[in-house]
Amino acid sequence: MRLNTFKNVLFSVLFLAISFAGYAFENSDSKEGEEFNPKEMILHHVKDAHEFHLWDWKGRPVSLSLPIILWTDNGLTTFSSSKFHHDDNGKVIVEENGNKFVKFHEKIYQLEDNASVIEFDEEHHPINAHKPLNFSITRNVFMMWVSVVVLLLIFLTAARSYKKSSDGVPTGIAGFVEPLIVFVRDEIGKPMIGEHKYKRYMPYLLTIFFFIWINNIFGLIPILNGANLSGNIAFTCTLAVFTFIITTLSGNSNYWKHIFWMPGVPVPMKIFLMPIEIIGMFVKPISLMIRLFANITAGHVIILALMSLIFVFKTVAIAPVSVAFSLFITVIEIIVTAIQAYIFTILSALYFGMATEDHH
Amino acid sequence: MTITGIAAIGAGLAAIGAGVGIGKIGGSAMDAMARQPEMHGKIQSSALILAAFVEAVALFGVVVAFLQG
Amino acid sequence: MDLITPDFGLVFWTAITFLFLLLILRKFAWKPILGAVSDREEGIKNALKSAENARKEMENLHADNERILKEARAEREAMLKEAREIKNKMIEDAKDQAKEEANKLVAQAQASIETEKQAAIAELKSQVANLSIDIAEKVVREELSNKDKQIKLVESMLGEATLN
Chain B
1 MRLNTFKNVL FSVLFLAISF AGYAFENSDS KEGEEFNPKE MILHHVKDAH
51 EFHLWDWKGR PVSLSLPIIL WTDNGLTTFS SSKFHHDDNG KVIVEENGNK
101 FVKFHEKIYQ LEDNASVIEF DEEHHPINAH KPLNFSITRN VFMMWVSVVV
151 LLLIFLTAAR SYKKSSDGVP TGIAGFVEPL IVFVRDEIGK PMIGEHKYKR
201 YMPYLLTIFF FIWINNIFGL IPILNGANLS GNIAFTCTLA VFTFIITTLS
251 GNSNYWKHIF WMPGVPVPMK IFLMPIEIIG MFVKPISLMI RLFANITAGH
301 VIILALMSLI FVFKTVAIAP VSVAFSLFIT VIEIIVTAIQ AYIFTILSAL
351 YFGMATEDHH
Chain H
361 MTITGIAAIG AGLAAIGAGV GIGKIGGSAM DAMARQPEMH GKIQSSALIL
411 AAFVEAVALF GVVVAFLQG
Chain L
430 MDLITPDFGL VFWTAITFLF LLLILRKFAW KPILGAVSDR EEGIKNALKS
480 AENARKEMEN LHADNERILK EARAEREAML KEAREIKNKM IEDAKDQAKE
530 EANKLVAQAQ ASIETEKQAA IAELKSQVAN LSIDIAEKVV REELSNKDKQ
580 IKLVESMLGE ATLN
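Chains as they are written, first to last, in our numbering: chain B, 1 to 360; chain H, 361 to 429; chain L, 430 to 593.
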């Protein structure tokens, strides 16, 4: 059985079980006639999801079912998200591996043995269910992998073109990415870390720059329903933690002295500064995390809010205004994609530079 | 007034602070660039970094508003 | 609140994916690309340096050429001067020699003329003497054809000889 589960995971991960919603399932609580709620729509868009909803066709959603991978008391459990039949209100119960699961507001809950319907208390905590560890390939994970594939295609092709040309002259896509790489090296790496030490950090800086940038851009592509990966706090948190780990590990004695026993100030000041500096150590990655998350999420929220105006006012007359404004914001957001990737990278480099700065 | 409304006001106040701060940075950066066009690149990148720092403070406010909202 | 709670699954996948991407790109993309870029920059720097060196060398060479040319010109000048001097000297010498030769010739000619003259005079003298003896013989023969005249002559001669 264990083997079977493993196969399932492999199958799901490798082939992503793409199944379009072609089955005859009547979505009982069709949203038609329901009052349009922009906040709900925007939050639904900005948050992660377990299926890749592309568009509605004749009242039925066309979507990519993504695999759900859960770690429960009975071990690894995998099934396709299509088993929930697009239900997001905890009504469809999926029985898998001896456990009952429901999906409520894009969260998977495992029902207690005797429960048949999920119930919540005042604080929105479930009474008769708990959340299993969820390693599902969600919309964001899926888009992240797409972005990784795209990045690998671009940069491995570029690297190969250097090998091919004997004189090291960039050709094809290498001619496009080389100025960007040189920009990261000359405008971010060298001035922030220093001429002698920047080389060690270049792979990290380059990877983080392009990874953030491409995911920012992917978030703006409308047909992908804006998988809001770089506007997800989990994503930015992970990257910020990486920066924090590298900063802490590469900190030299000078860096730690500046944190715990600030040189050049009187002793009471040293004692006063120590907690501030220790807080600062953690505030730096936290601000990195918040900045990227809030910037990208805010961009998405604004664009969607402007588009929602059409449905809020229930008139086509507002459409030109709202389309024009959201186009304007989208163009600004395209600039912001690059700026935020640049800022995340340059601040990471700045922190590395502070950690490795020699005494002078 | 609901807690959400108060959170919205807080987010707005944070936005005012950040707006003033970034405006000052932008103005001074423009001034500096006009005085020393040859330092254009350096001023621009420093201005962006400083704007990011100011913005972070405002974003903390927004996130606290999110927490309540 | 929901929006700013990191979801564990996404953190997990992001960490794994990012590490994977970092390792792959570091090995197969950043290393070759940055290597190629820095190689090229190094190459350009070297090429510029060698071009500068070549320019300097050319300048040196140019200066050398100039110097050599100058020297050559001076040398030619000197050689020409020398040649002119030699020519003048040769002409002078030739003139002197010719004059000397001429003088010598003239002297020789004079000497030979003198000798000829002496010889001619001597010849003339001997001719005249012979002639005189012949004449004298004839005369004497004529005179001594009779005894009287002979005795008279002997006596006159003896008288003259006694007188000596």
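Even for Gly, the Cβ is constructed at its ideal location relative to N, Cα and C. Model, not experiment: these values are computed from the prediction.
Where DSSP assigns a beta bridge to residue i, which residues make up the other side?
i      : result
S253/B : According to DSSP, S253/B bridges with nothing at all.
S80/B  : P67/B
T72/B  : G75/B
K107/B : F104/B
W57/B  : R60/B
V94/B  : F101/B
N134/B : L70/B
A129/B : L111/B
F120/B : P126/B
E415/H : Answer is none; E415/H lacks a bridge partner.
F52/B  : L64/B
N89/B  : F104/B
Name the residue from the options whose alpha carbon lies nearest to the alpha carbon of residue i.
i      : options                        : result
G353/B : W145/B, F244/B, L306/B         : F244/B
K131/B : G90/B, V149/B, M307/B, Y162/B  : G90/B
G98/B  : N74/B, I339/B, E51/B           : N74/B
P435/L : Y109/B, A234/B, N114/B, A305/B : A234/B
A379/B : I108/B, K314/B, R185/B         : In the structure displayed, chain B extends from 1 to 360; residue 379/B sits before or after that span and is not available.
M202/B : E35/B, D186/B, M41/B           : D186/B
E178/B : K83/B, E112/B, L156/B          : L156/B
V149/B : A444/L, F437/L, F449/L         : F449/L
S230/B : H105/B, V336/B, I259/B         : V336/B
I221/B : E333/B, K39/B, D48/B           : E333/B
P38/B  : M307/B, T236/B, I137/B         : M307/B
N134/B : G299/B, Q110/B, G251/B, F344/B : Q110/B
A227/B : T345/B, W145/B, T72/B          : W145/B
E35/B  : L327/B, S165/B, F313/B         : F313/B
In whole angstroms, give me the CA-to-CA distance for residue i and residue j.
i      : j      : result
V283/B : T207/B : 23 Å
I329/B : T297/B : 13 Å
V46/B  : W256/B : 39 Å
E26/B  : D87/B  : Here E26/B scores only 35 on pLDDT, less than 50, and its place in the model is too uncertain to base an answer on.
L151/B : H85/B  : 33 Å
K190/B : F293/B : 27 Å
V424/H : G219/B : 24 Å
K533/L : D522/L : 16 Å
T78/B  : W213/B : 32 Å
L54/B  : A367/H : 33 Å
S80/B  : N140/B : 16 Å
E123/B : A317/B : 41 Å
G175/B : I473/L : 18 Å
H359/B : Y342/B : 28 Å
L70/B  : L439/L : 13 Å
R395/H : M192/B : 25 Å
Y361/B : H44/B  : No statement about residue 361/B is possible, as the shown extent of chain B runs from 1 to 360 and does not include it.
I181/B : V267/B : 45 Å
Q594/L : Q547/L : The displayed coordinates of chain L run from 430 to 593. Any statement about residue 594/L would go beyond what the structure contains.
F20/B  : F437/L : Residue placement at F20/B is poorly supported in this model, since its pLDDT is 38, which falls under 50; the coordinates are not used for a value here.
I303/B : A458/L : 35 Å
V422/H : A371/H : 5 Å
W261/B : I290/B : 29 Å
S63/B  : I363/H : 37 Å
N517/L : E543/L : 38 Å
E530/L : I520/L : 15 Å
V321/B : D56/B  : 25 Å
S479/L : G194/B : 28 Å
L451/L : T315/B : 49 Å
P170/B : H125/B : 57 Å
S585/L : K576/L : 14 Å
Which residues in chain C sit within 9 Å of residue i, going by Cβ to Cβ distance?
i      : result
E187/B : As a matter of chain content, chain C is missing from the structure shown, whose protein chains are B, H and L.
Short-range partners of chain L found in the segment 144-156 of chain B, where Cβ spacing is below 8 Å: M144, W145, V148, L151, L152, F155, L156
Going along the segment 92-110 of chain B in order, which residues come within less than 7 Å of chain L, judged by CB to CB distance? none
Taking any Cβ of chain B, which residues in the segment 445-471 of chain L have a Cβ under 7 Å from it, in chain order? T446, F447, L450, L451, I453, L454, R455, F457, A458, W459, P461, I462, L463, A465, V466, D468, R469
What residues from the segment 412-428 of chain H come within 7 Å of chain B, judged by C-beta to C-beta, listed N to C? A412, E415, A416, L419, F420, V422, V423
Pick out the complete alpha helix (DSSP H) segments inside the segment 177-231 of chain B, 4 residues or longer, and give them in chain order. 190-193, 198-220
Could you list the residues in the segment 281-313 of chain B with a C-beta less than 7 Å from some C-beta on chain H, going in chain order? S287, I290, R291, A294
Interface positions of the segment 157-183 of chain B facing chain L (Cβ-Cβ less than 7 Å), listed along the chain: A158, A159, Y162, K163, G168, E178, I181, V182
Please list the residues of the segment 381-415 of chain H that have a C-beta atom closer than 9 Å to any C-beta atom in chain B, keeping them in chain order. G401, K402, S405, L408, I409, A411, A412, F413, E415
Give the residues from the segment 337-357 of chain B that approach chain H closer than 8 Å (Cβ to any Cβ), ordered along the chain. I339, Y342, I343, I346, L347, L350
Interface residues of the segment 476-490 of chain L facing chain B [CB-CB below 9 Å]: none
For the segment 44-58 of chain B, which residues have a CB atom closer than 8 Å to at least one CB atom of chain L, in sequence order? V46, K47, D48
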